[in-house]
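For reference, each letter of the sequence shown is one residue, going -10 to 441 in the working numbering.
Just so it is clear, CB atoms sit at the ideal spot from N, CA and C, and this is done for glycine as well.
Remember, it's a predicted structure, so these values are computed and weren't measured experimentally.
Please read the structure below before turning to the comments.
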Amino acid sequence: MMDKSQLAKKILLNVRYLCMTKYPYLAPSLQALTIWGELPKSAPVQTVAVTKDWIVLYNSDFVLEMAGATNFSDIRSENLTNLEFILLHELHHVLRNHHVRTIALGDVVEEIALVASDCEVNSSLCSIFSHHPDGIVRPKDFSLPDFHSYEFYYEQLLNHLRLQRGRRGRGQGQQQEGSGQQQGETLHEGRCRCGGGSGAGKTPAWEKEVSLPPGVSEARAEAIRQETARRILEWEQKRQGSVPSDLIRWAEQYLQPRVDWRSLLRVAVVTATASHRLGKADYTYRRPSRRTDWYSQPVIVRPGMVEPEASVAVVIDTSGSISDNELAQALSELRAILQEVGSVVVISCDAAVNLVTKIFSVEELRGRVKGGGGTDMREGVKAALSLKPTPNVVIVLTDGYTDFPSPSEIPSSVEVVWGILGRDVMDVLRMVGEVKQVGFRNVVPIPVKGGD
Ligand SMILES: [Zn+2]
């Protein structure tokens, strides 16, 4: 006979499957959730929680009660709606990256962050569920509008609490400043505790008591989010109105690369091809600033003359100094480049080139981008220049901690574009300046969100 915990796990796996059939656009992300095991007894709320690595922990009594089942044959899919809501709730926390967004908020009042992240999730889910589990927090509990961001709710709730405290302070004379814990308790009586994957921002102590599998790394999570965002927009295009509006907005924002590759590539391709056709072109014509309004300049070559003959090579820095988030961002930029030119040759490079491959979609790189050693982007650029045919544009995505080739070694028919990745905006801008000092004109900053 199956024990309680095994039965609860089986129920949750069933729930996950039901969600995948009902919301196919969420399938890749639901698939990535690991339904693992029991919450430790020390967890303050014995329901369901998710870690930042997409691992779901549960209290089996709670799961069985929600499902109204004591053995497997009792399970009826119509009784699993509340658990569907709950599992999707946990998924939304990791999909929307509440863990990293909490870190980005800085020094947060944890209890308010937990409520705010739940507000973002629940307002979205309540728009697709006609019933929802009892006791969940919603923006309307605090007279706040639905479909806003976690950050918006956090700010509003913080103000709300300050006001409350001010009033109470005046009414009762001397008032001690409450700890974050006490402040939050007045908001939700401790109901919101979804684990380190939610607005907690750090791994709660009780999570460390369970031995957990590795789960989903931040780089893989980024790939899953990209894929999910893409599917959401595709799904919505086919069946208008079936995806919650805030989720569509999330997907649109998510897929937005940091760099406007369309205009940048247009200028680079035109420049490279123009100098090729003109022979020894004047430097100012060969390398216009990307801010130049190409159409208003009295130049000889117009973009229409060369499109769509762009052949592009992308060198990706995979050295040890590149963080998971930086790599994920590089892949996001690569996706945007592919949207413009259809196919590119990717060269992954640390101290030496370790992969040269032509791709049509980023997914083709899955599991193939390796590295982790020192850095020498000169090797990557050299490999790009030796391709047959020679590309018009070579884009290098790097954190900039590398030696640079000399611009005089680059043939005039090739434009090299440097994309400088980094978490610290000031660092990135300083590095952009350095690359320009070397003599390259096309250097773009690519700030990367989130931690290392
Ligand atoms: Zn939650």
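Taking the alpha-carbon positions, what's the residue i to residue j distance?
i: E225; j: V232; result: 6 Å
i: V382; j: E353; result: 21 Å
i: A341; j: A372; result: 10 Å
i: R156; j: H149; result: 11 Å
i: I348; j: D42; result: 29 Å
i: L76; j: I117; result: 14 Å
i: E144; j: A102; result: 9 Å
i: I92; j: S401; result: 45 Å
i: W195; j: S112; result: 28 Å
i: N3; j: T59; result: 15 Å
i: C115; j: G124; result: 13 Å
i: R180; j: I435; result: 39 Å
i: L418; j: K425; result: 11 Å
i: L133; j: L410; result: 37 Å
i: L323; j: D413; result: 21 Å
i: V256; j: E404; result: 10 Å
i: M(-9); j: F61; result: 9 Å
i: D50; j: G309; result: 45 Å
i: E174; j: M366; result: Residue placement at E174 is flagged as unreliable, the pLDDT there being 46, under the threshold of 50; the coordinate-derived value follows with that caveat. Rounded to the nearest angstrom, the two C-alpha atoms are 53 Å apart.
i: E109; j: C338; result: 40 Å
i: F136; j: I24; result: 28 Å
i: E198; j: P29; result: 7 Å
i: L500; j: P128; result: The question about residue 500 has no answer here: the residues shown for the chain are numbered -10 through 441.
Whose CA, out of the options, lies closest to the CA of residue i?
i: D306; options: I336, V330, S300 and E329; result: I336
i: E223; options: P13, L7 and T23; result: P13
i: T364; options: N343, R357 and K377; result: N343
i: A21; options: R5, V330, V34 and K11; result: R5
i: V432; options: T387, P400 and K129; result: T387
i: Q153; options: E140, H137 and F131; result: F131
i: D392; options: V370, L374, S119 and K129; result: V370
i: S375; options: Q328, V34, V345 and G331; result: V345
i: V83; options: A105, P134, E198 and R214; result: R214
i: R151; options: Y47, A16, Q229 and V98; result: V98
i: V52; options: I44, S62 and Q35; result: Q35
i: D235; options: Y139, S18 and I311; result: Y139
i: S252; options: E329, L80 and S321; result: E329
i: R182; options: H88, L244 and F141; result: H88
i: T379; options: I399, S395 and G362; result: I399
i: R238; options: R228, R85 and L7; result: R85
Please classify residue i: does DSSP put it in a helix, a strand, or coil?
i: G26; result: strand
i: I194; result: The question names Ile, yet the displayed sequence has Ala at residue 194. The answer is helix: DSSP assigns A194 an H, G or I state.
i: S337; result: strand
i: D413; result: coil
i: P13; result: helix
i: I399; result: coil
i: K(-2); result: helix
i: L133; result: coil
i: W43; result: coil
i: P297; result: At P297 the pLDDT is 44, less than 50, meaning the model places this residue with poor confidence and gives no usable figure here.
i: K347; result: strand
i: V385; result: strand
i: G408; result: strand
i: P436; result: strand
i: A38; result: strand
i: I221; result: helix
i: A93; result: helix
i: D365; result: coil
i: D123; result: coil
i: C8; result: helix
i: D(-8); result: coil
i: I305; result: strand
i: V83; result: helix
i: V205; result: coil
Keeping to the same chain, check which residues put their C-beta closer than 8 Å to that of residue i; ignore five residues upstream and five downstream.
i: I326; result: W250, L254, V301, V303, V333 and I384
i: S206; result: D42 and D313
i: T192; result: T40, K41 and G185
i: K451; result: Lying outside -10 to 441, the shown extent of the chain, residue 451 is not represented and no answer is given.
i: M9; result: L15, A16, L19 and Q20
Any heavy atom of ligand 2 closer than 8 Å to the Cβ of residue i?
i: H121; result: Among the ligands in the structure shown, ligand 2 does not appear; only ligand 1 can be found there.
What does a CB cutoff of less than 6 Å around residue i pick up in its chain, not counting 5 residues either side in sequence?
i: A471; result: This structure leaves residue 471 out entirely; the chain is present only between -10 and 441.
i: E27; result: S(-6)
i: R266; result: Residue placement at R266 is flagged as unreliable, the pLDDT there being 49, under the threshold of 50; a coordinate-derived value is accordingly withheld.
i: V406; result: A257, I384 and N431
i: A32; result: W195
i: V351; result: L320, L323 and R324
In its own chain, which residues sit with a C-beta less than 7 Å from the C-beta of residue i, not counting the 5 before and 5 after it?
i: A56; result: I0, I64, N68, L69 and L72
i: A240; result: A218, I221 and L222
i: S397; result: none
Consider the Cβ of residue i: report whether some Cβ of chain D lies at a distance smaller than 9 Å.
i: D306; result: Annotation note: the requested chain D is absent from the structure, which comprises a single protein chain.
>> As a quick check of your reading: which residues have a C-beta less than 5 Å from at least one non-hydrogen atom of ligand 1, in chain order?
In response: D107, C183 and S187
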